[in-house]
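Here is the structure we will look at, set down as structure tokens.
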Amino acid sequence: MSSESRGEVNPLETSLRLQELVYGLEIRKVMTSEVITVSRQTSMREAQALMKQNAITGLPVTVAGSQKVVGMVSMNDVMNALEKGKMDDTVFLWMTREVQVLHDEMPLSFAIAAFNKYPFRRFPVVDKDNRLNGMLTFRNINLALIRELSQQLNKMEHLIEDSEEADIFDLVKVYSLQQHDFENGGKASTEIKKFLKRRKVPSGVIRRVAVACYELEINLVAHSLGGMLGFDINPERIRISANDLGPGIESLELAMTEGFSTASEWVRSMGFGAGMGLPNVKKISDEFEIHSEPGLGTMILSIIYLKKENGKEGDNDDS
Amino acid sequence: MKLKQIQEALEIDSLYGPVDCGNLDINSVFTSDLLSDVLMCELENLLLITSLTTEQVIRSAGIIGITAVVVTNNKAVTRGMIKLAEEQDIVILQTRFPTYETCLRVGRVMEAS
Chain P
1 MSSESRGEVN
11 PLETSLRLQE
21 LVYGLEIRKV
31 MTSEVITVSR
41 QTSMREAQAL
51 MKQNAITGLP
61 VTVAGSQKVV
71 GMVSMNDVMN
81 ALEKGKMDDT
91 VFLWMTREVQ
101 VLHDEMPLSF
111 AIAAFNKYPF
121 RRFPVVDKDN
131 RLNGMLTFRN
141 INLALIRELS
151 QQLNKMEHLI
161 EDSEEADIFD
171 LVKVYSLQQH
181 DFENGGKAST
191 EIKKFLKRRK
201 VPSGVIRRVA
211 VACYELEINL
221 VAHSLGGMLG
231 FDINPERIRI
241 SANDLGPGIE
251 SLELAMTEGF
261 STASEWVRSM
271 GFGAGMGLPN
281 VKKISDEFEI
291 HSEPGLGTMI
301 LSIIYLKKEN
311 GKEGDNDDS
Chain Z
1001 MKLKQIQEAL
1011 EIDSLYGPVD
1021 CGNLDINSVF
1031 TSDLLSDVLM
1041 CELENLLLIT
1051 SLTTEQVIRS
1061 AGIIGITAVV
1071 VTNNKAVTRG
1081 MIKLAEEQDI
1091 VILQTRFPTY
1101 ETCLRVGRVM
1111 EAS
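From first to last, the protein sequence lines stand for chains P and Z.
Throughout the first sequence, residue numbering follows the numbering used here, covering 1 to 319 in sequence.
Throughout the second sequence, residue numbering follows the numbering used here, covering 1001 to 1113 in sequence.
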């Protein structure tokens, strides 16, 4: 860390809420258990090959038998050895000897503190006998935090769900949809429709929301590898978002063209795949966005306003 | 027109719905085997004529508030469809006539009333 940035607030240090979130999590629940190690006699060339094969940037050096960690050899060490033409040296000569280990029973908050304190990007994790048991990187922490956060969000959603009172208009809810699970495709729309009906939303608006939602649900089960449909409702507008895990859309222009479809015969036999789903969602939304990347996934956002002045003309009839 | 007039015209063998559903009003008719088209339909007191027999037909019907669904070609109505229809107050009628013949017969009833 440079001296200039020392004055800046470190987000990890100040986030007490984060500490609270990970308080009960032990490092061993978060770490990677399958660790690739090298011995002191391994050559730098072999170490480099191992890193390359496994796409990792650091290896713990252990004593065979006791599994005690005596050093860490990193990509940096490999580069230094390469520069000097010493790739046939043993890792023992080039490794970092000051190794900071973490104990697998420590809470994750300790690990976060360790990432703040030391310049290392990965920590060997040891058991109570000091035997290497796993590795911990920022990636592990990120994944654990995402997992914890989504659990917390789930709890919050259930709290909201329990309040059946018709005067509460705010709702945040996420539905998970599996690939080809047509049986459950449509449940979210039915529930949202009921929610809006109970709150006396004009039927024209309810219809648009339910149709947009249903088309997006069907899209998720018919075309994606699985994903989520999220609702964020307040008295102003209904925001529907669909996120999936792939395969992504090759050409958005084609996907938004009426009549274009990549649906299988099976999907078509159920009455879908006419290539009207996405164009229709766009048509009935007040705001519509689509982002997609082949191999990564697709994100669709549809916003429908509840207030007449903002909504689509002529569509918000109260009949 | 009333649902019972359609029932007679189509010589319906099986009907899934409440006992008094014959008195339901039908003001418009829509025919499609493409659910996206069904979903964009904005007619009221609607009768849907389709040869699809998936639960998604009933779900789609529920979303846009369809009154009754006629399943043509004597296709088997599944238990799942019946359950969903009950939950959403949708009547299902099953006819042996193909879709075209069904449309003609319903059209005649519409003209007469």
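For every residue, glycine included, the Cβ atom is placed at its ideal position computed from N, Cα and C.
Keep in mind that this is a model prediction, so the values were computed, not measured.
Tell me the rounded alpha-carbon separation between residue i and residue j.
i         : j         : result
LEU301/P  : PHE110/P  : 39 Å
MET320/P  : GLU98/P   : The structure shown does not extend to residue 320/P, since chain P is modelled only from 1 to 319, so the question has no answer here.
ARG1079/Z : ILE141/P  : 48 Å
LEU82/P   : ALA47/P   : 12 Å
LEU132/P  : THR96/P   : 16 Å
LYS117/P  : ARG147/P  : 25 Å
LYS200/P  : CYS1041/Z : 22 Å
SER1014/Z : GLY248/P  : 44 Å
HIS291/P  : LEU153/P  : 24 Å
LYS321/P  : LEU143/P  : Nothing in the structure corresponds to residue 321/P, since chain P is present only between 1 and 319.
ALA188/P  : ASN1074/Z : 31 Å
ILE1082/Z : LEU1010/Z : 20 Å
PHE195/P  : LYS173/P  : 12 Å
TRP94/P   : PHE120/P  : 16 Å
GLY65/P   : ARG45/P   : 23 Å
VAL1057/Z : LEU216/P  : 16 Å
GLY295/P  : LEU1043/Z : 40 Å
LYS307/P  : GLU34/P   : 55 Å
GLU191/P  : VAL205/P  : 15 Å
ILE56/P   : ASP77/P   : 13 Å
Where do the N-terminal and C-terminal ends of the beta strand (DSSP E) with residue i fall, by residue?
i         : result
ASN133/P  : 132-137
ALA989/Z  : Outside the modelled stretch of chain Z, which goes from 1001 to 1113, sits residue 989/Z, for which no answer is possible.
ARG237/P  : 237-244
LEU50/P   : No beta strand (DSSP E) holds LEU50/P; the alpha helix (DSSP H) holding it covers 44-54.
ALA1068/Z : 1068-1071
ASP88/P   : Run containing ASP88/P: none; DSSP gives neither H nor E here.
GLN178/P  : 171-178
ASP232/P  : 226-233
ILE1092/Z : 1091-1094
With residue i as the anchor, note down where its alpha helix (DSSP H) starts and where it stops.
i         : result
PHE92/P   : 91-94
PHE288/P  : Note, PHE288/P: premise wrong, no alpha helix (DSSP H); beta strand (DSSP E) at 287-293.
THR1099/Z : 1099-1112
TYR214/P  : 203-223
PHE195/P  : 187-198
ARG1059/Z : 1055-1063
GLY65/P   : Careful: GLY65/P lies outside any alpha helix (DSSP H) and carries neither H nor E.
PHE110/P  : 108-117
SER1036/Z : 1035-1039
PRO279/P  : 277-284
Does the Cβ of residue i have 16 or more other Cβ atoms within 10 Å, making it buried, or fewer, making it exposed?
i         : result
PHE231/P  : buried
GLY1062/Z : buried
ARG1059/Z : buried
PRO168/P  : Looking at the sequence shown, residue 168/P is not Pro but Ile. The residue is exposed, with fewer than 16 neighbouring Cβ atoms inside 10 Å.
THR257/P  : exposed
GLY24/P   : exposed
GLN41/P   : exposed
ARG207/P  : buried
LYS193/P  : buried
ALA1085/Z : buried
LEU254/P  : exposed
Among residues of its own chain, excluding the 5 on either side of residue i, which ones have a beta-carbon nearer than 6 Å to its beta-carbon?
i         : result
LYS1004/Z : GLY1022
GLY275/P  : GLY259, PHE260 and SER261
SER224/P  : ASP244
GLN1088/Z : GLY1062
SER1113/Z : MET1001
GLY273/P  : SER261, ALA263 and VAL267
Below 8 Å CB to CB, which residues in the same chain sit around residue i once its five sequence neighbours on both sides are set aside?
i        : result
HIS103/P : ILE27, VAL125, VAL126, ASP127 and LYS128
SER43/P  : MET87, ASP88, ASP89, THR90 and VAL91
GLU4/P   : Reliability fails at GLU4/P, whose pLDDT of 43 lies under 50, so the model's placement of it is uncertain and the value that follows must be treated cautiously. Here the set comprises nothing.
ILE375/P : Outside the shown range of chain P (1 to 319) lies residue 375/P, about which nothing can therefore be said.
Do the CB positions of residue i and residue j come within less than 7 Å of each other?
i         : j         : result
LEU1052/Z : ASP1037/Z : no
GLY297/P  : LEU245/P  : yes
CYS1103/Z : THR1031/Z : yes
VAL1029/Z : LEU1047/Z : yes
GLY185/P  : ILE218/P  : yes
THR1067/Z : ASN1045/Z : yes
ILE238/P  : VAL209/P  : yes
LEU108/P  : VAL38/P   : no
MET72/P   : GLY58/P   : yes
ALA222/P  : VAL267/P  : yes
TYR1016/Z : ILE1092/Z : yes
VAL1109/Z : MET1001/Z : yes
GLY226/P  : GLN179/P  : yes
ARG122/P  : MET135/P  : yes
VAL69/P   : VAL101/P  : yes
ILE1006/Z : VAL1106/Z : yes
ASP170/P  : ASN234/P  : yes
Whose C-beta lies closer than 7 Å to the C-beta of residue i among residues of the same chain, with five residues either side of it excluded?
i        : result
TYR214/P : GLY186 and SER189
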